[in-house]
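J.: Take 3 as the starting number for the sequence shown in our numbering and just add one per residue.
No residue lacks a Cβ here, since even glycine has one placed at the ideal position from N, Cα and C.
Handing you this structure, nothing more for now.
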Amino acid sequence: MTDTTTQASGPLSGNVLFYSQPEPLSADVHGKLGVTPADKPYAFVAQTNIVPLTVTEFAPAALSYPIVFVGDLKQPVVAMGLRQNDNLFIDNGDFRPEAYIPAYIRRYPFVFANDDTQNRMILCIDRGAEFVGENAEIPLFENGQPSAYVNNAMEFCNNFEQERLRTESFVKLLIDLDLFETREASFTPRNPDGTPGQVQKLAEYFAVSEDKLKALPAEKLVELRDNGALGQIYAHLVSLLGWDRLIAMAFNRAAETPTAANA
């Protein structure tokens, strides 16, 4: 288990998506604060179109989103929209009922930060979260001690950290086997006369190459099968069919917008 605490003894490092004002959780500072369930619990996700994913989430997430790898570190993420600041799976501050909600989102407003002085993780809370405040329904502390809600958050973040490390190992394995290739998601619109229009590039990302995967020695494929990596790879590959779903959703939203505006 990761060495964790709610008390910081030195400077913290790191920054993460969604968190505008992360603070080390402290009874002295946050003793009167709590959380009140929001009417629009996932409104904070509406302005982003990609969200990090852990490898053990590949299978359930593949039913909802394309799973791709981005950046120099080949970070696995789910694509929730075709444009920055536009999430196609958030309706009126909540997720579509059929959509999988990544653990990265479910842990909010809590997150771990690095305590560089003592080489451990500190539980933080986003003080900027709209549903965090005084006179709240669910307290953060009771009698000066972390509440059951905070303890559950600590456990969840601990598990998430373990999954994050497991994901790093999975990505390293794919890199060591040279399985990545660069891909593009594109869309070909139709001209008024029905002929294909100019191809539009939607995204560029890293994906596992099926040709490279097939070219691996049989014993290496068996190893990937036995350690569970092969199943995660196939979940990723199948998820790429979801680009067509995203395109259809984008068209539907564009078609609905004028109607909503004139209502």
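1) Which class does asparagine 264 belong to by DSSP, given the choice of helix, strand or coil?
2) Tell me the residue span of the beta strand (DSSP E) that contains methionine 123.
3) My assumption, with CB atoms under 8 Å, is that isoleucine 127 sits in contact with leucine 27. Please give the rounded CB distance.
4) Alpha carbon to alpha carbon, how far is alanine 237 from valine 57?
5) Glutamate 165 lies in the beta strand (DSSP E); which residues open and close that run?
6) Select from Tyr106, Phe91, Val47, Thr190 the residue whose C-alpha is nearest the C-alpha of glutamine 164.
7) For a quick check, are the C-beta atoms of proline 43 and glycine 95 less than 8 Å apart?
8) Between phenylalanine 208 and the rest of its own chain, which residues show a CB-CB distance below 8 Å, the 5 nearest in sequence each way excluded?
9) Count the other CB atoms within 10 Å of the CB of serine 11; is the residue buried (16 or more) or exposed (fewer)?
10) Please report the Cβ distance between phenylalanine 97 and isoleucine 103, rounded to the nearest whole angstrom; I am assuming they are in contact, meaning their Cβ atoms lie under 8 Å.
11) Just how far apart, CA to CA, sit proline 141 and alanine 252?
12) Please report how far the alpha carbon of serine 188 lies from the alpha carbon of proline 68, in whole angstroms.
13) If I follow the unbroken alpha helix (DSSP H) through glycine 233, where does it start and stop?
14) Can you have a look at alanine 131 and say buried or exposed, based on whether 16 or more other CB atoms are within 10 angstroms of its CB?
15) For aspartate 213, does the three-state DSSP call read helix, strand or coil?
16) Would you mind reading off the limits of the alpha helix (DSSP H) that contains arginine 185?
17) Nearest by alpha-carbon distance to serine 171: which of Arg109, Ala231, Val53, Asp30 is it?
18) Can you name, in chain order, every residue of its own chain whose Cβ lies under 7 Å from the Cβ of methionine 29, other than the five neighbours on each side?
19) Please classify serine 22 as buried or exposed, where buried requires at least 16 other C-beta atoms within 10 Å of its C-beta.
20) For my contact list, valine 37 and tyrosine 110 are in at a C-beta cut-off of 8 Å; report their separation, rounded to the angstrom.
21) In terms of alpha-carbon separation, which member of Glu139, Leu242, Glu221 lies closest to serine 39?
22) Here's the rule: buried if 16 or more other CB atoms are within 10 angstroms of the residue's CB, otherwise exposed. What is valine 31?
23) From the DSSP output, which residues share a beta bridge with glutamate 25?
24) Which one or two residues does DSSP pair with isoleucine 107 in a beta bridge?
T.: Straight from the coordinates:
1) For asparagine 264, the predicted model reports a pLDDT of 44, less than 50, meaning its position is unreliable; a value from the coordinates is still stated below. In the structure shown, asparagine 264 adopts helical secondary structure according to DSSP, grouped into three states.
2) That run of the beta strand (DSSP E) goes 122-128.
3) Contact between isoleucine 127 and leucine 27 holds, with the beta-carbon distance rounding to 5 Å and staying under 8 Å.
4) Each residue's alpha carbon lies about 10 Å from the other.
5) For glutamate 165, there is no enclosing beta strand (DSSP E); the residue is found in the alpha helix (DSSP H) stretching over 150-178.
6) Taking only the C-alpha atoms, the option nearest glutamine 164 is Tyr106.
7) For proline 43 and glycine 95, yes; Cβs fall inside 8 Å.
8) Hits under 8 Å: Val70, Phe71, Val72, Lys76, Phe182, Glu183, Thr184, Arg185.
9) Bear in mind that the predicted position of serine 11 carries a pLDDT of just 32, short of 50, making it unreliable; the figure below should be weighed with that in mind. Exposed, because fewer than 16 other Cβ atoms sit within 10 Å of the Cβ of serine 11.
10) Indeed, because the Cβ distance is near 6 Å, the residues count as touching under 8 Å.
11) Rounded to the nearest whole angstrom, the CA to CA distance from proline 141 to alanine 252 is 40 Å.
12) Straight-line spacing of the CA atoms in serine 188 and proline 68 works out to 13 Å.
13) In the DSSP assignment, glycine 233 falls within the unbroken alpha helix (DSSP H) covering 231-241.
14) Its Cβ being crowded by 16 or more others within 10 Å, alanine 131 is buried.
15) Correct three-state label for aspartate 213: helix.
16) Counting along the chain, arginine 185 falls outside any alpha helix (DSSP H), though it belongs to the beta strand (DSSP E) covering 182-189.
17) For serine 171, the closest C-alpha among the options Arg109, Ala231, Val53, Asp30 is that of Ala231.
18) It is alanine, not methionine, that sits at residue 29 in the sequence shown. Once the five neighbours on either side are set aside, the close Cβ partners of alanine 29 are Phe143, Gly146.
19) Serine 22 is exposed by the Cβ-count criterion.
20) Their Cβ separation, rounded to whole angstroms, is 11 Å, which puts valine 37 and tyrosine 110 out of contact at 8 Å.
21) Per the sequence shown, the amino acid found at residue 39 is proline instead of serine. Of Glu139, Leu242, Glu221, the residue nearest in Cα terms is Glu139.
22) Burial call: exposed.
23) In the DSSP secondary-structure assignment, glutamate 25 is bridged to Ile127.
24) According to DSSP, isoleucine 107 bridges with nothing at all.
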